[in-house]
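There are 2 protein chains.
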Amino acid sequence: MAEFQGGENLLFLTDEQLRQGIEAMFFAYRGFTADPDRILATMAYGRAHHRAVHFISRSPGTTVNNLLNILGVTKQSLNRVLRTLVEDGLVDSRVGKADKRERHLFLTDAGEALERKLSDAQRARMRAAYRAAGPEAVAGFRQVLEAMMEPELRRRYYGIRENEV
Amino acid sequence: MAEFQGGENLLFLTDEQLRQGIEAMFFAYRGFTADPDRILATMAYGRAHHRAVHFISRSPGTTVNNLLNILGVTKQSLNRVLRTLVEDGLVDSRVGKADKRERHLFLTDAGEALERKLSDAQRARMRAAYRAAGPEAVAGFRQVLEAMMEPELRRRYYGIRENEV
DNA sequence: TTGGAATGTCAACAAAGCTGACTTAATATG
DNA sequence: CATATTAAGTCAGCTTTGTTGACATTCCAA
């Protein structure tokens, strides 16, 4: 049967298989964001706030510019989100020591608390999915995801962590 | 080393592994939508139009209600999208024969052309990722995605195709 | 025949993205 | 030192895509 595809096992590359993969990606992403979204809906924040908080948590002291590059949005869009987070006391924006033009971003205790609440929910689903699928499936999952990213982003994603103040 | 995790290989469930999976999902989804988004940006359509066209193409004759359930948006939101697609001659909305309240949705030739253009771009990236990762990785990828979906949606997704007119 | 379901429409609004123009401060460079 | 560039922030206005709520129409089914 695989012979019809050119002598190799390329059945996983039929249009039908690809379509199923596309839909699985669509539905899974909905599940992926569902739990944090439910939490965020009870407060004055949205998915954009979650993303900002997540990446500040991962790289404390990251600059606004770093965040812009990671998130891939305009500074006006990010600024609106960061402003509310700073005003609400969830994010601390400190002028850089070496370069005073830069602002280094940190989560406050309240910010850490929100981050934990959101990522606990998201991790719980991820953990359940990983556990259900098993370690080998997870390795494959990661491989396909990595191959699906924009090459430039994959480099950054597996490159240097920007967390030096 | 795995023994620290409870005697099994559960290292893939550490918070750090989960965080990496979460970020991979985020970046990969960006790649996943990047190509269709670039095409859509050149016309008066957005991601919502792509989704509608995709699922009408998959299940020709599907009803508005079916589409609402699959897409998980409000009818007002979907209606705005469908209206422009019908006005622009990409989608044909036919009154149901059995139940005249229902509208059955079909792509016109122009609609099929747009769908093909968008999904060709998306499939090309998917195909490249699948090819790079290999069949076993793809099987794992699908397993994890399926486990990540909302259970109710997973049932529908693997249930009956709604394409009877 | 009447109640409820499916669909559609109007209005108003919110989140989160965008562009463009501009300021301020600080750094880097010629 | 003078100038150019960079980082960050702000204002204004726009777009897409989601949301509620209210209401009309059509039509099936009890």
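One line per chain: the protein sequences are A and B, in this order. For the first sequence, position 74 (counting from the first letter as 1) is numbered 73 according to numbering that gives the first Met the number 0, and the numbering increases by one without interruption. For the second sequence, position 150 (counting from the first letter as 1) is numbered 149 according to numbering that gives the first Met the number 0, and the numbering increases by one without interruption. Backbone N, C-alpha and C fix where the C-beta goes; we use that ideal spot for every residue, glycine too. Remember, it's a predicted structure, so these values are computed and weren't measured experimentally.
So is Leu39/B in contact with chain A if we call contact Cβ pairs under 8 Å? For the purposes of this step, residue 39/B is taken as residue 40 along the second sequence, with counting starting at 1. No - not a single Cβ of chain A is within 8 Å of the one on Leu39/B.
Which same chain residues end up closer than 8 Å to Arg155/A when comparing Cβ atoms and leaving out the 5 residues on each side of it in sequence? Numbered from 1 along the first sequence, position 156 holds the residue referred to as residue 155/A. Closer than 8 Å at Cβ, skipping near neighbours: Asn68 and Ile69.
Assuming contact is defined by CB atoms lying nearer than 8 Å, are Leu89/B and Val52/B in contact in what I supplied? The residue labelled residue 89/B in the question sits at position 90 within the second sequence. The residue labelled residue 52/B in the question sits at position 53 within the second sequence. Contact: yes.
Let me see if you follow: with CB-CB separation under 8 Å, is Ala51/B close to chain A or not? Here the question's residue 51/B lines up with position 52 in the second sequence. No, because no Cβ of chain A sits closer than 8 Å to the Cβ of Ala51/B.
Reducing DSSP to helix, strand and coil, say where Thr73/A ends up. Taking the first sequence and counting its residues from 1, one reaches residue 73/A at position 74. Of the three classes helix, strand and coil, the one that applies to Thr73/A here is coil, per DSSP.
Does the stretch 75-84 of chain A come close enough to the stretch 30-48 of chain A to have 3 or more Cβ pairs within less than 8 Å? yes
At 3 residues or longer, and completely inside the stretch 95-128 of chain A: list those beta strand (DSSP E) runs for me, N to C. 102-106
When the Cα atoms are used, what is the spatial distance from Arg130/B to Leu9/B? In the second sequence, counting from the first residue as 1, residue 130/B sits at position 131. In the second sequence, counting from the first residue as 1, residue 9/B sits at position 10. The alpha-carbon atoms of Arg130/B and Leu9/B are separated by roughly 28 Å.
Could you list the residues in the stretch 135-149 of chain B with a C-beta less than 8 Å from some C-beta on chain A, going in chain order? Listed in chain order, the positions of the stretch 135-149 of chain B with a beta carbon within less than 8 Å of a beta carbon of chain A are Glu135, Ala136, Val137, Ala138, Gly139, Phe140, Arg141, Gln142, Val143, Leu144, Glu145, Ala146, Met147, Met148 and Glu149.
Are the C-beta atoms of Ala33/B and some chain A residue less than 8 Å apart? Position 34 of the second sequence, counted from the first residue, corresponds to residue 33/B. True, the Cβ-Cβ gap to chain A drops below 8 Å.
Arg100/B versus Leu17/B - alpha carbon distance: The residue you call residue 100/B lines up with position 101 of the second sequence. The residue you call residue 17/B lines up with position 18 of the second sequence. So the alpha carbons of these two residues sit roughly 47 Å apart.
Contact with chain A by Ala128/B, beta-carbon distance below 8 Å: One-based indexing of the second sequence puts residue 128/B at position 129. So, interface residue.
Reducing DSSP to helix, strand and coil, say where Val164/B ends up. Counting from one through the second sequence, the residue named residue 164/B turns up at place 165. Confidence at Val164/B is low in this model, with a pLDDT of 25, below 50, so the placement of that residue is unreliable and no value is reported for it.
Which first and last residues belong to the alpha helix (DSSP H) in which Ala43/B is found? Here residue 43/B corresponds to residue number 44 of the second sequence, with the count starting at 1. Where Ala43/B is concerned, there is no enclosing alpha helix (DSSP H), given that its DSSP letter is neither H nor E.
For Asp91/B and Ile21/B, what's the separation of their Cα atoms in angstroms? Taking the second sequence and counting its residues from 1, the one referred to as residue 91/B is at position 92. Taking the second sequence and counting its residues from 1, the one referred to as residue 21/B is at position 22. Their backbone Cα atoms lie some 39 Å apart in a straight line.
Find the residues of chain B that neighbour Ile21/A, judging by a C-beta separation of less than 9 Å, and give them in chain order. Stepping through the first sequence from its first residue, residue 21/A is reached at position 22. The contacting residues are Phe31, His53, Ser118, Gln121, Arg122 and Met125.
Quick check on the burial criterion: 16 or more other C-beta atoms within 10 angstroms. Buried or exposed for Val94/B? Within the second sequence, numbered from 1, the residue matching residue 94/B stands at position 95. Val94/B is exposed by the Cβ-count criterion.
Using alpha carbons as the reference points, say which of Arg126/A, Arg141/A, Ala138/A and Val72/A lies closest to Phe12/B. To locate residue 12/B, count along the second sequence from 1; it is residue 13. Checking the displayed sequence, the identity of residue 12/B turns out to be Leu instead of Phe. Leu12/B has its Cα closest to that of Arg126/A, out of Arg126/A, Arg141/A, Ala138/A and Val72/A.
Please state whether the Cβ-Cβ distance between Ala123/A and Ala146/B is less than 8 Å. Start at 1 with the first residue of the first sequence, and residue 123/A comes out as number 124. Start at 1 with the first residue of the second sequence, and residue 146/B comes out as number 147. Their beta carbons are not under 8 Å apart, which means Ala123/A does not touch Ala146/B by this criterion.
Measure the C-alpha to C-alpha separation of Arg153/B and Ser76/A and round it to an integer number of angstroms. As a working note, residue 153/B is residue 154 in the second sequence. As a working note, residue 76/A is residue 77 in the first sequence. Cα-Cα distance, rounded: 34 Å.
Apart from the five residues just before and just after Ser56/B, which ones in its own chain have a Cβ nearer than 6 Å to its Cβ? In the second sequence, counting from the first residue as 1, residue 56/B sits at position 57. Only Leu106 and Glu114 meet the Cβ criterion.
Measuring alpha carbon to alpha carbon, tell me which of Ser118/A, Ala112/A and Thr62/A ends up nearest Asp166/A. Absent from the model: residue 166/A. The displayed extent of chain A is 0 to 164, so no value can be given.
Paired residues, beta bridge with Ser56/B - DSSP: For the purposes of this step, residue 56/B is identified with residue 57 of the second sequence, where counting begins at 1. Answer is none; Ser56/B lacks a bridge partner.
Check the C-beta distance from Glu149/B over to Gly30/A and give it rounded, since I have them as a contact under 8 Å. Numbered from 1 along the second sequence, position 150 holds the residue referred to as residue 149/B. Numbered from 1 along the first sequence, position 31 holds the residue referred to as residue 30/A. Glu149/B to Gly30/A, Cβ: 5 Å. Contact.
Rounding to the nearest angstrom, what Cα-Cα distance links Asp14/A and Arg79/B in this structure? Taking the first residue of the first sequence as 1, we reach residue 14/A at position 15. Taking the first residue of the second sequence as 1, we reach residue 79/B at position 80. Cα to Cα, Asp14/A sits roughly 30 Å from Arg79/B.
On the three-state DSSP scale, how would you describe Asp91/B? Here the question's residue 91/B lines up with position 92 in the second sequence. In this structure, Asp91/B counts as strand in the three-state DSSP scheme.
Measure the C-alpha to C-alpha separation of Leu104/B and Lys96/B and round it to an integer number of angstroms. Taking the first residue of the second sequence as position 1, residue 104/B is located at position 105. Taking the first residue of the second sequence as position 1, residue 96/B is located at position 97. Taking the straight line joining both Cα atoms gives about 13 Å.
What residues in the stretch 55-77 of chain A have a beta carbon less than 8 Å from any beta carbon of chain B? Arg57 and Gly71
Please state whether DSSP places Thr62/B in a helix, a strand or coil. By one-based count along the second sequence, residue 62/B stands at place 63. Looking at Thr62/B - three-state DSSP - the assignment turns out to be strand.
Return the Cβ separation of Phe25/B and Gly139/A in integer angstroms, given the expectation that the two are a contact with Cβ distance under 8 Å. In the second sequence, residue 25/B corresponds to position 26, counting from 1. In the first sequence, residue 139/A corresponds to position 140, counting from 1. Not confirmed; about 19 Å, so no contact.
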